[in-house]
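In the UniProt record's numbering, the protein residues as written are 1 to 139.
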């Protein structure tokens, strides 16, 4: 296997980000368990909670995907040029002919995904608490 060595600092950053992203995906489990044990009467809050849960799962999948990519970069198994070209082809974007993104740009993108995931996780559970509060106090 061909080695694609990143600078040592970038390898460390990629390894830490891979571990962080992979470790947070367990936050999808409580949402999944709650959805599995919930009967959904047709209320706006429940449909909104379902939509938020689906978005949370999408961002959770993206976190896992990025975790695998960061881990491969940290091990020197992934060429950054090839990665950018593959991702562009995979997601139907035009392949830009410019230098690969820096590790700082990749980490910033992963942080944005992480914040969206955590925000959606918080939003889901706030909706669940809000629905529970309304059900208990208004009915």
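The C-beta atom is built at its ideal place from N, Cα and C for all residues, glycine as well. Bear in mind that the values here come from a model prediction, so they are computed numbers and not experimental data.
Local Cβ density within 10 Å of residue i, reported as buried at 16 or more and exposed below that
i: residue 110; result: buried
i: residue 136; result: exposed
i: residue 8; result: exposed
i: residue 128; result: buried
i: residue 89; result: exposed
i: residue 21; result: buried
i: residue 92; result: exposed
i: residue 82; result: exposed
Neighbourhood of residue i by C-beta distance below 7 Å, restricted to the same chain and skipping five residues each side
i: residue 56; result: 28, 31, 117, 120, 121, 124
i: residue 10; result: 103
i: residue 62; result: 113
i: residue 60; result: 25, 28, 117
Collapsed DSSP secondary structure at residue i in the structure displayed
i: residue 91; result: coil
i: residue 77; result: coil
i: residue 23; result: helix
i: residue 101; result: coil
i: residue 121; result: helix
i: residue 37; result: coil
i: residue 6; result: coil
Residues of its chain near residue i, where Cβ-Cβ distance is below 6 Å and the 5 sequence neighbours each way are ignored
i: residue 69; result: none
i: residue 80; result: 100
i: residue 138; result: none
i: residue 64; result: 25
i: residue 15; result: 74
Which listed residue (the options) has its alpha carbon closest to that of residue i
i: residue 13; options: 87, 47, 76, 90; result: 76
i: residue 34; options: 21, 46, 23; result: 46
i: residue 105; options: 20, 84, 134; result: 84
i: residue 130; options: 115, 43, 23; result: 43
i: residue 132; options: 60, 19, 93, 38; result: 38
i: residue 23; options: 82, 71, 6, 36; result: 71
i: residue 67; options: 134, 19, 58; result: 19
Sequence-distant residues of its chain with Cβ nearer than 8 Å to residue i (five each side left out)
i: residue 48; result: 127
Contact the stretch 45-56 vs the stretch 123-131: 3+ CB pairs below 8 Å: yes
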